[in-house]
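Heads up, the sequence shown is in the UniProt record's numbering, so the first residue is 1 and it goes up one at a time. Just so you know, even glycine gets a beta-carbon here, dropped at the ideal spot from N, CA and C. Worksheet: one structure, shown below.
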Amino acid sequence: MKTDFLPEAFLKEMKGLLKDSYPDYLACFKEQPFAGLRANTLKISGEELRTLLPWKLSPVPWTPNGYYIEDPGSRPSLHPAYSAGLYYLQEPSAMAPAAVLPIEPGQRVLDLCAAPGGKSTQLAARLKGEGVLVSNDISPSRARGLLKNLEMTGASSICVTAEAPEKLEKQWSGWFDRILVDAPCSGEGMFRKEPEMVRDWKERGPSHYSPIQRNILLQAARMLRPGGMLLYSTCTFSAEEDEGSVSWLLENDSEMRLLFLDPNVVPGSAESEILPGTLRLFPHLLRGEGHYLALLQKSGDTRNQNISQISAADELPGILCENQEVWSFLSQIPLFADAGLRLRLMETGGPKGKGRGRDRRKERLSFEETQGEVYLLPKEMPAWHSLRFLRTGLHVGSLKEGRFEPSQALAMALKKEEYPLTWNLDFEDERVLRYLRGETLLLKDEEEEMEGWILVLAGGFPLGWARGKGKTLKNKYYPGWRRM
Numbered sequence: 001m002k003t004d005f006l007p008e009a010f011l012k013e014m015k016g017l018l019k020d021s022y023p024d025y026l027a028c029f030k031e032q033p034f035a036g037l038r039a040n041t042l043k044i045s046g047e048e049l050r051t052l053l054p055w056k057l058s059p060v061p062w063t064p065n066g067y068y069i070e071d072p073g074s075r076p077s078l079h080p081a082y083s084a085g086l087y088y089l090q091e092p093s094a095m096a097p098a099a100v101l102p103i104e105p106g107q108r109v110l111d112l113c114a115a116p117g118g119k120s121t122q123l124a125a126r127l128k129g130e131g132v133l134v135s136n137d138i139s140p141s142r143a144r145g146l147l148k149n150l151e152m153t154g155a156s157s158i159c160v161t162a163e164a165p166e167k168l169e170k171q172w173s174g175w176f177d178r179i180l181v182d183a184p185c186s187g188e189g190m191f192r193k194e195p196e197m198v199r200d201w202k203e204r205g206p207s208h209y210s211p212i213q214r215n216i217l218l219q220a221a222r223m224l225r226p227g228g229m230l231l232y233s234t235c236t237f238s239a240e241e242d243e244g245s246v247s248w249l250l251e252n253d254s255e256m257r258l259l260f261l262d263p264n265v266v267p268g269s270a271e272s273e274i275l276p277g278t279l280r281l282f283p284h285l286l287r288g289e290g291h292y293l294a295l296l297q298k299s300g301d302t303r304n305q306n307i308s309q310i311s312a313a314d315e316l317p318g319i320l321c322e323n324q325e326v327w328s329f330l331s332q333i334p335l336f337a338d339a340g341l342r343l344r345l346m347e348t349g350g351p352k353g354k355g356r357g358r359d360r361r362k363e364r365l366s367f368e369e370t371q372g373e374v375y376l377l378p379k380e381m382p383a384w385h386s387l388r389f390l391r392t393g394l395h396v397g398s399l400k401e402g403r404f405e406p407s408q409a410l411a412m413a414l415k416k417e418e419y420p421l422t423w424n425l426d427f428e429d430e431r432v433l434r435y436l437r438g439e440t441l442l443l444k445d446e447e448e449e450m451e452g453w454i455l456v457l458a459g460g461f462p463l464g465w466a467r468g469k470g471k472t473l474k475n476k477y478y479p480g481w482r483r484m
């Protein structure tokens, strides 16, 4: 690729930033961008995935379970393992922010600018189903794509919102242990991979984005608990947006301090000369596109106990669920059967703020039913009043004219041994593709008849539901996910 499409003002900036290595940066445009995928460890280990997939994969050094796809002609989005949520396709450098942010299972984590969801799916895997992940994007349409990607991974302890940071801060001040801000930016680090981003740079550029970034950072810092950590990242080289925005936050919030990031955490990265302790990822120094990383911490080490939330301590008398189909179905799944299914009337009406809902809590397990939709809530929920939620927890299923229908999200969250009625196909079986297209399927003569809700598997991993009646399986794969 030639570099004559790059703006002169940008090239001048890069020459001053890179000095002697500037020619190497220009030369990297002759190389193809790197493709990558990351194993979803909620379902499978990286090594298991490597043995399963037909392509040559090599490790991304800064991300456990991240891999370069070394076969140029491969089409990994078409493999059934992708539809089973076993991996997420992600540019290798974009894996770094969620890998560098220190995460422990059980923490409260916010991904503030989360769409399309690569970093959120990575954070969800690191939480291992414990704690809660709130994934937000200000755009409702982008947040819907974010929700799909999270549901494909099988993540259950999640909330997905579509709100401005200021509105979140009013509800959740001092609530989160960890926050990731992968801020909107001018995209200079992606010019090799996505040359069309140059047009936006010419129209708006760094001066448009830096005020947005600084406001987001300020709101994010306010949502951190004392001792909490914030990882700021961009995919630009602009000092105004990178070191400039971090320095601005440090000057305007005395509770925040910069933590030193060792370049060894991202092999091939360079420590910033402008703001030491922060990292720059350059495409001529590593196998990935351009990024910037800075880690900050809020002073203090005690959790704020005064934040409005739903907690396990909220124990109220329950009533037995009247719907026998809900009871019958969920009692087949060990997670739900162990807790029973007692629901209580909720006066608040749940996240959509309409009508009355029901929830159930025992040993920190909570169900909610709102307007016919049944959810398993995270063990620790933030307050949701007046916020635009796309999802709170795991969507378990729907009540339709007295019948219970399990959801696509529930199918993706289950393991094969967690549901008694399964139909397992080899990845190479042509019926897998037909299922993903939404076709009704017929069992072979040697296959036993099946009745009721069937969990359809490929290679032992859930794809979705079918409704069995004898030798016929009516396809219940979510229509919005079907292949054309």
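Candidates the options: closest to residue i by CA position
i, options, result
"P267", "G288, L250, E273 and L249", "G288"
"T161", "A221, S120 and L443", "S120"
"R175", "K298, M95, N40 and A409", "Note that residue 175 is Trp in the sequence shown here, rather than Arg. For the residues K298, M95, N40 and A409, the minimum Cα distance to W175 belongs to K298."
"R142", "G16, G131 and C113", "C113"
"V265", "A98, G244 and A411", "A98"
"P59", "L53, Y68, L52 and T51", "Y68"
"S331", "P102, L286 and P420", "P420"
"R38", "I212, Y88, G106 and C235", "Y88"
"S74", "K128, W55 and P479", "W55"
"E418", "V181, P334 and L78", "P334"
"T63", "K476, P102, S207 and A84", "P102"
"E91", "G189, E243 and C28", "G189"
"R129", "E151, G117, D111 and G106", "According to the sequence provided, residue 129 is Gly. The question's Arg does not apply to it. Minimum Cα distance to G129 is reached at G106."
"P72", "A35, R204 and H291", "A35"
"E401", "R108, L18, E151 and Q371", "Q371"
"R257", "L11, S269, S238 and T278", "T278"
"N475", "F461, L442 and M484", "L442"
"L457", "S238, W481 and N424", "N424"
"M412", "F461, F367 and E430", "F461"
"S21", "F282, S93, N40 and R437", "F282"
"F329", "E405, L49, P276 and L376", "E405"
"residue 485", "R467, G438, L455 and A466", "Here the chain covers residues 1 to 484 and nothing more, so residue 485 does not appear."
"Q408", "Y375, L433 and F260", "Y375"
Outcome for residue i when other beta-carbon atoms lying within 10 angstroms are tallied against a minimum of 16
i, result
"F5", "exposed"
"H385", "exposed"
"A183", "buried"
"residue 486", "Residue 486 lies beyond the stretch modelled for the chain, which goes from 1 to 484, so this question has no answer here."
"L249", "buried"
"R225", "buried"
"N149", "buried"
"I274", "exposed"
"D24", "exposed"
"G46", "buried"
"M452", "According to the sequence displayed, residue 452 carries Gly and not Met. By the 10 Å Cβ count, G452 comes out exposed."
"T234", "buried"
"A115", "buried"
"D111", "buried"
"I179", "buried"
"E369", "buried"
"G16", "exposed"
"G480", "exposed"
"L168", "buried"
"T236", "buried"
"I310", "In this prediction, I310 has a pLDDT of 40, which is less than 50 and means its spatial position is unreliable; what the coordinates show is noted afterwards. Flag for I310 reads buried."
"S77", "exposed"
"A84", "buried"
Cβ separation of residue i and residue j, assumed to be a contact under 8 Å, to the nearest whole Å
i, j, result
"G393", "P378", "5 Å"
"L146", "L133", "That pair is no contact at about 11 Å."
"A81", "G464", "14 Å between Cβ atoms; not a contact."
"R388", "I158", "Going by Cβ atoms, the distance from R388 to I158 rounds to 15 Å, so no, they are not a contact pair."
"E449", "G470", "5 Å"
"L42", "G131", "Between G131 and L42 the Cβ distance is about 14 Å, and since that is not below 8 Å, they are no contact."
"S245", "S210", "6 Å"
"D301", "G227", "4 Å"
"T422", "L473", "Not confirmed; about 12 Å, so no contact."
"S173", "M223", "6 Å"
"M1", "R192", "7 Å"
"A270", "L285", "6 Å"
"H291", "A96", "6 Å"
"Q219", "P263", "Not quite, the Cβ-Cβ distance comes to about 29 Å (not below 8 Å), so this is no contact."
"E241", "C185", "5 Å"
Proximity test, Cβ basis, 8 Å: residue i and chain E
i, result
"E271", "You won't find chain E in this structure, because it holds only one protein chain."
_alpha helix (DSSP H) segments (min. 4 residues) lying fully within the region 385 to 427_ = 408 to 413
*Unbroken beta strand (DSSP E) runs of length 3 or more, entirely within the region 152 to 179: which are they?*
158 to 161
*Would you list, in sequence order, the uninterrupted alpha helix (DSSP H) runs of no fewer than 4 residues that lie entirely inside the region 230 to 291?*
243 to 252
_Start-end ranges of the beta strand (DSSP E) lying completely within the region 50 to 125, minimum 3 residues_ = Complete beta strand (DSSP E) runs here, min 3: 57 to 59, 66 to 69, 87 to 89 and 108 to 111.
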